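Heads up, the thing below is written out as structure tokens.
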Amino acid sequence: AQRVTQPEKLLSVFKGAPVELKCNYSYSGSPELFWYVQYSRQRLQLLLRHISRESIKGFTADLNKGETSFHLKKPFAQEEDSAMYYCASLSYNTDKLIFGTGTRLQVFP
Amino acid sequence: DVKVTQSSRYLVKRTGEKVFLECVQDMDHENMFWYRQDPGLGLRLIYFSYDVKMKEKGDIPEGYSVSREKKERFSLILESASTNQTSMYLCASSSDLLAGVYNEQFFGPGTRLTVL
Chain A
11 AQRVTQPEKL LSVFKGAPVE LKCNYSYSGS PELFWYVQYS RQRLQLLLRH
61 ISRESIKGFT ADLNKGETSF HLKKPFAQEE DSAMYYCASL SYNTDKLIFG
111 TGTRLQVFP
Chain B
272 DVKVTQSSRY LVKRTGEKVF LECVQDMDHE NMFWYRQDPG LGLRLIYFSY
322 DVKMKEKGDI PEGYSVSREK KERFSLILES ASTNQTSMYL CASSSDLLAG
372 VYNEQFFGPG TRLTVL
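As structure tokens, then:
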């Protein structure tokens with residue numbers, strides 16, 4: 011079965027430090043991968059998807075098929091980046107998303 | 272603006288009660304989903320629907336049922352609420368897959384259900 015693993019429950023950094031939120035997936039084909047974010051008291055929303063290769067709010071994520079990873083990175087964290095981040099994979103041939111367990115990012119001033 | 276609304280933000284029910292959670296989307300989306308969100312477990316799919324009157328089980332359907340009588344509305348039903356169903360429930364919707372391009376899931380604000 012497809013799985014998405016986020017090994018860190020909590021990641022704490024200081025403002026201006028680099029951030030990397032880890033995500034690994036299990037799927038032998040060509041996965042469609044996403045990062046969703048949930049800010050405090052806001053609804054869950056799409057941050058970025060690998061297929062569009064875009065950078066949103068300074069975040070990027072590169073698909074590494076060799077390591078089956080899709081880590082989320084930002085060179086300089088901001089306090090407003092504090093949120094819950096979920097990595098997700100589209101289940102093969104369906105519209106179902108398989109979510110990881112999430113990583114809470116805390117950015118201290 | 273894209274909108275998915277859920278009938279309640281907070282709900283408190285007693286064990287054994289029948290509970291209805293309502294979700295409405297105004298984007299004419301074909302697909303609708305119900306998840307529960309628990310700390311340390313992430314989002315887990317309960318049920319989803321590709322079309323009116325159609326439903327598919329997700330990963331944790333036990334103790335739940337759903338109804339989709341109209342395209343814009345997707346209801347989650349707890350037939351006999353239990354304390355282990357205390358959770359945050361999220362509804363989402365998306366458009367059909369178009370030419371292999373995945374369409375984003377849009378989420379509602381969530382309903383925090385407490386079962387006493």
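If you read the sequences in order, they're chains A and B. With the first letter of the first sequence counted as 1, position 33 gets the number 43 in this note's numbering; the numbers rise by one all the way through. With the first letter of the second sequence counted as 1, position 6 gets the number 277 in this note's numbering; the numbers rise by one all the way through. The beta carbon of each residue, even a glycine, is placed where N, CA and C say it ideally should be. Values in this document were obtained by computation on a predicted structure and should not be read as measured data.
At least one CB of chain A closer than 8 angstroms to the CB of residue i: is that the case?
i                     : result
residue 313 (chain B) : yes
residue 378 (chain B) : yes
residue 361 (chain B) : yes
residue 293 (chain B) : no
residue 316 (chain B) : yes
residue 350 (chain B) : no
Tell me which same chain residues have a C-beta within less than 8 angstroms of the C-beta of residue i, skipping the five on either side of it?
i                     : result
residue 42 (chain A)  : 59, 60, 61, 99 and 100
residue 19 (chain A)  : 111, 112, 113 and 114
residue 375 (chain B) : 365
residue 234 (chain B) : Nothing can be reported for residue 234 (chain B): it is not among the residues displayed for chain B, which extend from 272 to 387.
In this structure, how does DSSP classify residue i when only helix, strand and coil are distinguished?
i                     : result
residue 367 (chain B) : coil
residue 376 (chain B) : coil
residue 354 (chain B) : helix
residue 294 (chain B) : strand
residue 381 (chain B) : coil
residue 33 (chain A)  : coil
residue 14 (chain A)  : strand
residue 113 (chain A) : strand
residue 331 (chain B) : coil
residue 340 (chain B) : strand
residue 323 (chain B) : coil
residue 313 (chain B) : strand
residue 286 (chain B) : coil
residue 20 (chain A)  : strand
residue 279 (chain B) : coil
residue 347 (chain B) : strand
residue 387 (chain B) : coil
Within 8 angstroms of any Cβ in chain B, is that where the Cβ of residue i sits?
i                     : result
residue 39 (chain A)  : no
residue 32 (chain A)  : no
residue 70 (chain A)  : no
residue 80 (chain A)  : no
residue 67 (chain A)  : no
residue 73 (chain A)  : no
residue 56 (chain A)  : yes
residue 111 (chain A) : yes
residue 107 (chain A) : yes
residue 53 (chain A)  : yes
residue 19 (chain A)  : yes
Here's a check: name, in chain order, each residue in its chain whose Cβ is nearer than 6 angstroms to the Cβ of residue i, leaving out the five neighbours to either side.
i                     : result
residue 278 (chain B) : 293
residue 27 (chain A)  : 87
residue 79 (chain A)  : 34
Sorted by chain position, which residues of the same chain lie with C-beta nearer than 7 angstroms to residue i's C-beta, five sequence neighbours on each side aside?
i                     : result
residue 275 (chain B) : 294, 296, 362, 363, 364, 377, 378 and 379
residue 336 (chain B) : 348 and 350
residue 49 (chain A)  : 93
residue 95 (chain A)  : 31, 45, 47, 82, 112, 113 and 115
State yes or no: is the C-beta of residue i nearer than 7 angstroms to some heavy atom of the ligand FMN?
i                     : result
residue 349 (chain B) : Absent from the structure shown: the ligand FMN. Ligands present: none.
- Report the residue ranges of all alpha helix (DSSP H) runs contained in full by the segment 35–107 of chain A; include only those spanning at least 4 residues, in chain order. Listed in chain order, nothing qualifies, since the segment 35–107 of chain A has no complete alpha helix (DSSP H) run of 4 or more residues.
- Message: At a CB distance below 9 angstroms, what residues from the segment 320–347 of chain B approach chain A? Give them in sequence order.
- Response: The residues in question are 321, 327, 329 and 330.
- Message: By the 7 angstroms beta-carbon criterion, what residues does the segment 278–307 of chain B contribute toward chain A?
- Response: Shown in chain order are the members of the segment 278–307 of chain B whose Cβ falls below 7 angstroms from a Cβ of chain A: 302.
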